[in-house]
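Novice: Per my numbering: the sequence shown = residues 1396 to 1477. Even glycine gets a Cβ: it sits at the ideal position worked out from N, Cα and C. Just so we're clear, the structure is a prediction, and the values are computed from it rather than from any experiment. My questions will all concern the structure given below.
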Amino acid sequence: MSSILQPSTEDEPSKEERLKAYLAQKAEDGEMYFKSKFIADEVGLSPKEIGALMVKIRDSATELEVEKWSYTSATTWRVERA
């Protein structure tokens, strides 16, 4: 018996889209500060992936203002809705 793998019919959001949606929701009531390691489980990404995506989001997102805030032991990010 052979099995045929069929591609998923659902359009799953990319990692970047998932992270942007999470940040937009969390920043609805104002600015938020976070370290990647503390939100990793909530967004299903590693802290390293979040750090790399934050640089992309900072440069491309028009709906969010993203700023590197602190460099002690791990980067703290400040996010606010634009």
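By how many angstroms is the C-alpha of glutamate 1460 removed from the C-alpha of threonine 1471?
Specialist: Those two C-alpha atoms are separated by around 14 Å.
Novice: State yes or no: is the C-beta of arginine 1473 within less than 8 Å of the C-beta of alanine 1419?
Specialist: Not a contact, by the Cβ cut-off of 8 Å.
Novice: Contact check, glycine 1446 vs serine 1431 under 8 Å by CB: the rounded distance?
Specialist: Rounded, the Cβ-Cβ distance is 5 Å, consistent with contact.
Novice: Can you tell me where the beta strand (DSSP E) holding leucine 1459 begins and where it ends?
Specialist: 1459-1465 is the extent of the beta strand (DSSP E) around leucine 1459.
Novice: Specify the secondary structure class of glutamate 1423 as computed by DSSP and reduced to three states.
Specialist: Here glutamate 1423 sits in coil by DSSP.
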